[in-house]
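For reference, the structure is listed below as structure tokens.
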Amino acid sequence: MSGALWPAHAGDPAEFRVAITSVAQGRSEGELLYSLETDEVSGIFALNGDGVEQRLFHTADFRVRHIAPSPDGESIAASLFHKAMGANIAVVRVDGKDFFEATDGDSVDLAPRWIGGAGRRIVFQSAGVGRDAAGRVCGLAPFAIQEIDLDGGALDTLAEDPQHDLLGPQKLSDGTLYYIRRPYANAPGRRKASPVDALKEAALFPFRMAVAVFQYFNFFSMKYTGKPLATSGGAAQRHPDLKRMMIWGNLIDADRAAREHGMGDTEAPSLVPSSWQLMRQRPGAREPECVAKGVLSFDVAPDGALVYSNGSAIHRIDAGSDKRERVLVGSMIEHVAAF
């Protein structure tokens, strides 16, 4: 691994960025799969119960995130981020061979999960990319939930809502569909402009422009000298504050979110608002039901139980009785996986 993902020489860890972008249950008992990336390359890795790591796949051409192993343990689905705006669902064998992109088009396809049962089917979230007359990206449509049959090539839309983003879907073998529903920021009528807002934006414009110019020159300073323009904080200032994280395209400020969405829980305040809801759509039901509120990430355990995180704690819901319990309190819990 030395020299492949990070510099071969020992030095200040803050000199380079290493981020684990997703985790998943491995191919055998006790194994963990995860995706990792630096500023130069990304890859998929395996860690067994004895602590031995194995590199399964790596590339410098794109970024690989949101990995999900197939039920038979032969393939891994992942989100593939191109350098230009857009992301596709890709599938690769666990030995790193037979790599192919299962989706294409001018869209952002994320968070693939395999569906149990016959055939090779994947459920994922997808949003169309909006462009202006010059071809420049001007926004994203609401995320909808789609299912693709890798054997037959059929693509179906399972759920969509013009007022909400539908995120991180999982579909069980019995047809039950789970996903996170959050308000779509650009939904018609959601935000109404006012003269006060216009004056506020005009007053803040010079300050925002000054910050943008500083960050522009700071980027080139880091790129060509390895040092930021502001060095009072040492190497730690060269990377984003660890109290912030990017969740489904939203930059979450942990301290501010805890104050705004804590809902009275001082020990484990929610980092996302209550409008981020874990939804369950049963087969034949006309409307989905809300299972939990303030959900940042979730997973379905092999026994059917649900585990989810609000960013500060992990909760568990029993499959049969819907009994709820908090099993862990932590910090900045961005992703949760059930084994």
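Per our numbering, the sequence shown starts with residue 10, numbered consecutively. A virtual CB, placed ideally from N, CA and C, is assigned to each residue, including glycine.
Item                                                                                                                                                                           : Value
Does DSSP classify MET341 as helix, strand or coil?                                                                                                                            : coil
Which of the three DSSP states is assigned to VAL220 in this structure?                                                                                                        : helix
Touching or not, the region 174-183 and the region 121-133, by the rule of three or more beta carbon pairs under 8 Å?                                                          : yes
Just how far apart, CA to CA, sit VAL300 and ASP327?                                                                                                                           : 12 Å
From GLU83 to TRP285, what distance separates their C-alpha atoms?                                                                                                             : 34 Å
If contact is defined by three or more beta carbon pairs under 8 Å, each pair taking one atom from either stretch, is the region 129-140 in contact with the region 101-120?   : yes
For GLU276, which residues from the same chain have a beta carbon less than 7 Å from its beta carbon, with the 5 sequence-adjacent residues on both sides left out?            : VAL338
Taking all protein chains shown into account, do 16 or more other C-beta atoms lie within 10 angstroms of the C-beta of ALA168, making it buried, or fewer, making it exposed? : buried
Compare the Cα-Cα distances from VAL103 to each of HIS75, LEU42 and PHE71 and report the closest residue.                                                                      : LEU42
Express the C-alpha separation of PHE348 and ILE76 in angstroms, rounding to a whole number.                                                                                   : 15 Å
With C-beta atoms as the reference, is LEU175 less than 9 Å away from ARG190?                                                                                                  : yes
Judging by CA-CA distance, which residue of GLU210, ALA99, LYS106 and ASP107 is the nearest neighbour of ASP349?                                                               : In the structure displayed, the chain extends from 10 to 348; residue 349 sits before or after that span and is not available.
Could you tell me the distance, in whole angstroms, from the CA atom of ASP160 to the CA atom of ALA127?                                                                       : 11 Å
In terms of residue numbering, what span does the beta strand (DSSP E) encompassing LEU56 cover?                                                                               : 51-56
Drop a sphere of 10 angstroms on the beta-carbon of HIS91, count the other beta-carbons inside from all chains shown, and report buried for 16 or more, exposed for fewer.     : exposed
Quick one: grab the DSSP three-state call for ASP113.                                                                                                                          : coil
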